[in-house]
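Peer 1: Residue numbers (our numbering): 260 to 513.
Beta carbons: idealized from backbone N, C-alpha and C, even for Gly.
1. Can you name, in chain order, every residue of its own chain whose Cβ lies under 6 Å from the Cβ of residue 355, other than the five neighbours on each side?
2. Hey, could you find the ends of the alpha helix (DSSP H) residue 493 is sitting in?
3. Any chance you could list the alpha helix (DSSP H) runs of at least 4 consecutive residues sitting entirely within the segment 326-383, in chain order?
4. In chain order, what residues of the same chain have a beta carbon less than 6 Å from the beta carbon of residue 472, not counting five sequence neighbours either side?
5. At the 8 Å Cβ level, is residue 404 part of the contact set with chain C, yes or no?
6. For the pair the segment 320-339 and the segment 497-505, tell me if three or more CB-CB distances fall below 8 Å.
7. Starting from the C-beta of residue 456, find all residues in its chain whose C-beta is less than 7 Å away, skip the five residues before and the five after it, and write them out in chain order.
8. Can you give me the Cβ contacts of residue 401 inside the same chain, cut-off strictly under 6 Å, excluding the 5 residues immediately before and after it?
9. According to DSSP, is residue 283 part of a helix, a strand, or is it coil?
10. Looking at the secondary structure, which residues open and close the beta strand (DSSP E) in which residue 306 lies?
11. Select from 353, 431, 500 and 347 the residue whose C-alpha is nearest the C-alpha of residue 387.
12. Quick one: grab the DSSP three-state call for residue 469.
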C-alpha cells in the first residue's frame, strides 16, 4: 500500500547514543533484537508471543506486600475475564504462567476461554524482594528506605544477601526466552508480573546495553504496566519484534 509507513527499527546503540528513553517511541514504532545464539528457531518460522500481566491483586489494592500468595480482587477477576475474551477466538495453543496465585488465576481464565492447556513455568515469577519486606505496606518509610537501598545495590552491581540481583533476573529472562524459542507452539500466552515483564521487554530491546543503572533509573520509571496489559512479540527470521506494549483496550468496560 502506497500510504503505509515503513517499519522503523532502532538499534540498541542508537538508543544509548542518543539517550532516547524507550517509552518515547514504543507506541509508534517496532523494535527488534536478534535471537540468542542457542535458539532452535528456524529462520522461516514465525511465533507469536503474548505477555500478560496479572489482574489487580489484593496486594495491589492494599499496598501490603504478600509475595506469591496474593489473590486477585473482584476487579482483578473482572480484568482477567475481559483479557480472556480477547484471546477466546485467537489461535492460542498454550498458556504458560508464573506459579504465583495472581498470575496463575489470570492465566487459568485465559486458558479456559481459549480452551487450551495451562502450564506452570516456575522461572516466570516476580522479582524476589528482601524477605523482611513481606507483610509490610509499600508506603511505610522503613520499607521505602529498604527498597531504595536494595535498588541502589543494583546500580552498584553489588551482590545482595537477600532478594534477587540484576543478573539473577536476567538469567531467568534468558531461560524463558530459550523456552519460548524452543517450544513447538507458534501462538503462546505468558501470564506473569509487571517488574519481570518490564525486564523481559528491556532485555530484548537493549540486549547487552541493558545495565542495572539504566533499568532502575529509566525502564522502571517510564515503562508503565497495567493489570492485564498485553504485550505482543513476533519472532520471525531470527528476530524478536515488539509489535505492541501494554495494550489494555479490553479494560474499557472494567
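Peer 2: According to the data block:
1. Only 378, 380 and 449 meet the Cβ criterion.
2. It is not in any alpha helix (DSSP H) - residue 493 instead sits in the beta strand (DSSP E) that spans 489-495.
3. Unbroken alpha helix (DSSP H) stretches of 4 residues or longer found wholly inside the segment 326-383: 333-346 and 360-373, given in chain order.
4. Hits under 6 Å: 414.
5. Judged by its chain identifiers, the structure shown contains no chain C, having just a single protein chain.
6. The segment 320-339 is not in contact with the segment 497-505.
7. Hits under 7 Å: 310, 312, 484 and 490.
8. None.
9. Note that residue 283 has pLDDT 41, beneath the 50 cutoff, so the model's placement of it is unreliable and the number below is only indicative. In the three-state reduction of the DSSP assignment, residue 283 falls in the helix class, which pools H, G and I.
10. DSSP places residue 306 in the uninterrupted beta strand (DSSP E) bounded by 305-312.
11. Closest option to residue 387, Cα to Cα, is 431.
12. If DSSP states are grouped into helix, strand and coil, residue 469 belongs with coil.
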